[in-house]
Amino acid sequence: MDLLTSKHSQLSMQNNFTFNKPLVKTDIAAPGKSGDIDVKVETKKNVDVETKGTVDVGKGASVADDIFKQGKKVVDKFNIDDAYVKPKHLSTTKGNGAKFLGDSKGAAEQILKDSMKNGTVQSITDNGLTKMGKQSYSVIIDAGKPIGTKGENLIKVVLSEDGGMLSAYPIK
Numbered sequence: 001m002d003l004l005t006s007k008h009s010q011l012s013m014q015n016n017f018t019f020n021k022p023l024v025k026t027d028i029a030a031p032g033k034s035g036d037i038d039v040k041v042e043t044k045k046n047v048d049v050e051t052k053g054t055v056d057v058g059k060g061a062s063v064a065d066d067i068f069k070q071g072k073k074v075v076d077k078f079n080i081d082d083a084y085v086k087p088k089h090l091s092t093t094k095g096n097g098a099k100f101l102g103d104s105k106g107a108a109e110q111i112l113k114d115s116m117k118n119g120t121v122q123s124i125t126d127n128g129l130t131k132m133g134k135q136s137y138s139v140i141i142d143a144g145k146p147i148g149t150k151g152e153n154l155i156k157v158v159l160s161e162d163g164g165m166l167s168a169y170p171i172k
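When we follow this note's numbering, the leftmost residue of the sequence shown carries the number 1, and every step to the right adds one.
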């Protein structure tokens, strides 16, 4: 798909290909009662691949477009005043988790809210299903300035399709 013109491209293929590199297939079985892991390796040489047909290159891009559009709707309807920072992402908390600048929960949440209002959305991607079976989206926002204790200037915000926020934390 040409992202500038939104036109789909088609790629036609009717070729036979032979790859002269060996194909290696590895099967790893679950550990047995003794704790041993059984590994089977199978090698085939000169693998033939036959391709015929037409591939619509735009279909993959249209799926990505749909995810972006649906995620954008979720972002647009999210009430920024409902944004919060989990305790594990506060600079005053011990542990290895990504942490916001600010010496209190209120200060960290203000940094998050300001970044969501004034930052630039870098990407919106599929984040899988929530425990309740709802679609969720990962939104990466460039705050334009350091917002994390390790100099991070990006924030990952995870939103559910029902409008709830699942998490937000600084990323590099």
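The beta carbon of each residue, even a glycine, is placed where N, CA and C say it ideally should be. Note that the structure is predicted; figures quoted are calculated from it, not measured.
- For Asn127, the uninterrupted beta strand (DSSP E) run begins and ends at 120-129, by DSSP.
- Taking the Cβ atoms as the reference, Val157 lies roughly 18 Å from Met132, outside the contact range of under 8 Å.
- Contact between Gly163 and Lys77 holds, with the beta-carbon distance rounding to 6 Å and staying under 8 Å.
- Judged by DSSP secondary structure, Asp142 falls within the beta strand (DSSP E) whose first and last residues are 135-142.
- Non-local C-beta neighbours of Asn127 in its own chain, meaning closer than 7 Å and more than five positions away in sequence, comprise Ser136, Tyr137, Ser138, Val158, ordered along the chain.
- The criterion of a C-beta distance shorter than 8 Å is satisfied by Lys99 and Pro170.
- The beta-carbon separation of Ala64 and Ala168, rounded to 23 Å, does not stay under the 8 Å limit for a contact.
- Within the same chain, and ignoring the five residues on either side of Gln70 in sequence, the residues whose Cβ sits closer than 8 Å to its Cβ are Gln135, Tyr137, Glu161.
- Taking the C-beta atoms as reference points, Gly106 is found no nearer than 8 Å to Ile141.
- Around the beta carbon of Leu129, fewer than 16 other beta carbons lie within 10 angstroms, which makes this residue exposed.
- Secondary structure note for Lys156: its beta strand (DSSP E) is the uninterrupted segment 154-160.
- With a threshold of 16 other beta carbon atoms within 10 Å, Ile111 meets it and is buried.
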